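Numbering (this note's numbering), first residue to last: -13 to 306. Every residue gets a Cβ at the ideal spot worked out from N, C-alpha and C, and that includes glycine. Remember, it's a predicted structure, so these values are computed and weren't measured experimentally. First comes the structure, then the notes that go with it.
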Ligand code: GTP
Ligand code: MG
């Protein structure tokens, strides 16, 4: 990747006043502006959509993103895709070798199915060296249910012979108080990622646990469904942008809602349904089994077979 850091003031049409408003809304880099939509950018900078579109085009030229790309360029970028281990070889195999960077992986399932445990394990594993299935990166966690437990991280880190305090230092946790705050935190995450970009451990994993809980609580009922889906949609696109800009893995969790009216198939469906389905690259459905055993099923993946595996949540963490 070419590396010559440009600031948003370098974009033709962006003066100090617009730059300040853009930064305040989380557009901190030329790349972030380049992949924005005119509507979003117009609102953020309080300018017309026409002006916003011109700025976006200028940013695209400057950042060399957007437009058509030839297959070899895409091939190059895909070659940078990293794989993050879960510490369960069965689960890794299900995912085609682990969680991919430049993609969103969703784990959904009922309470206690292991979503938060997997999130903790990944936060540790992302810091492992590449030859142990890690990404040698830092981690950002957006915690919406106050379920982050540093003690659990410590336990998992020690089981992998890592320095637990060093591991904890490289996990940046923010509590999201409501859905708007949660969306804002993705922008804040990008600011932090920009800061750590040239450090020893750039951000390589973003966790959002849970991605849907606030939205579900704040937009109950059918009447607010469209609103809710639009917000979730934007949120996930922001997360996907984060994944691309930072060559990071994004892991989100999602609860299921019971569908007692369903006669066929599984009576549970992930919240957010199709909206998540379109943006999320990998979806894994988790079920409880006996004791520490859990069942994971890969659901509608574009290039991997639908399959089911068993893994376990043990005292040392996620394992086969
Ligand atoms: P919700 O967030 O409530 O939807 O559930 P979840 O899917 O996030 O569940 P979570 O990952 O919290 O899994 C909870 C299960 O993991 C518990 O039922 C325990 O079996 C196991 N677990 C949680 N904490 C520990 C721990 O510290 N040690 C061990 N050995 N197991 C744990
Ligand atoms: Mg949880």
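Restricting to Cα atoms, I'd like to know which of the options is closest to residue i.
i: residue 134; options: 269, 281, 210, 101; result: 101
i: residue 180; options: 7, 0, 15, 103; result: 15
i: residue 71; options: 89, 97, 92, 108; result: 108
i: residue 175; options: 149, 18, 34; result: 18
i: residue 116; options: 83, 138, 131, 144; result: 83
i: residue 182; options: 162, 156, 294, 202; result: 156
i: residue 303; options: 290, 241, 145; result: 145
i: residue 90; options: 193, 39, 206; result: 193
i: residue 31; options: 13, 45, 8, 40; result: 8
i: residue 300; options: 5, 142, 54; result: 142
i: residue 60; options: 88, 45, 38, 27; result: 88
i: residue 236; options: -8, 56, 2, 104; result: 104
i: residue 221; options: 169, 242, 187; result: 169
i: residue 29; options: 43, 10, 44, 46; result: 10
Can you say whether residue i is buried or exposed, counting buried as having 16 or more other CB atoms within 10 angstroms of its CB?
i: residue 151; result: exposed
i: residue 239; result: buried
i: residue 129; result: buried
i: residue 382; result: Residue 382 cannot be examined here, being either before or after the span of the chain that is shown, -13 to 306.
i: residue 36; result: exposed
i: residue 65; result: exposed
i: residue 211; result: exposed
i: residue 132; result: exposed
i: residue 269; result: buried
i: residue 139; result: buried
i: residue 86; result: buried
i: residue 232; result: buried
i: residue 295; result: buried
i: residue 201; result: buried
i: residue 217; result: buried
i: residue 25; result: exposed
i: residue 163; result: exposed
i: residue 111; result: buried
i: residue 5; result: buried
i: residue 214; result: buried
i: residue 99; result: buried
i: residue 93; result: buried
i: residue 280; result: buried
i: residue 247; result: Note that residue 247 has pLDDT 46, beneath the 50 cutoff, so the model's placement of it is unreliable and no number is given.
i: residue 251; result: Low per-residue confidence applies at residue 251: pLDDT is 43, beneath 50, and the placement is therefore not dependable, though the value from the model is reported in the following sentence. Label assigned to residue 251: exposed.
i: residue 119; result: buried
Is any heavy atom of the ligand COA found at a distance shorter than 7 Å from the C-beta of residue i?
i: residue 99; result: With respect to the ligand COA, the structure shown offers nothing to examine, as its ligands consist of the ligand GTP and the ligand MG.
Could you round the C-beta distance between residue i and residue j to whole angstroms and report it? I think they count as a contact, below 8 Å.
i: residue 21; j: residue 190; result: Contact doesn't hold; Cβ gap of about 19 Å is too wide.
i: residue 127; j: residue 159; result: 5 Å
i: residue 153; j: residue 113; result: 6 Å
i: residue 95; j: residue 272; result: 3 Å
i: residue 297; j: residue 286; result: That pair is no contact at about 20 Å.
i: residue 48; j: residue -3; result: 6 Å
Shorter than 7 Å, the distance from the beta carbon of residue i to the closest heavy atom of the ligand GTP, or not?
i: residue 131; result: yes
i: residue 239; result: yes
i: residue 300; result: yes
i: residue 198; result: no
i: residue 278; result: yes
i: residue 269; result: no
i: residue 283; result: no
i: residue 138; result: yes
i: residue 95; result: yes
Would you check whether the ligand MG has a heavy atom nearer than 7 Å to the C-beta of residue i?
i: residue 72; result: no
i: residue 195; result: yes
i: residue 102; result: yes
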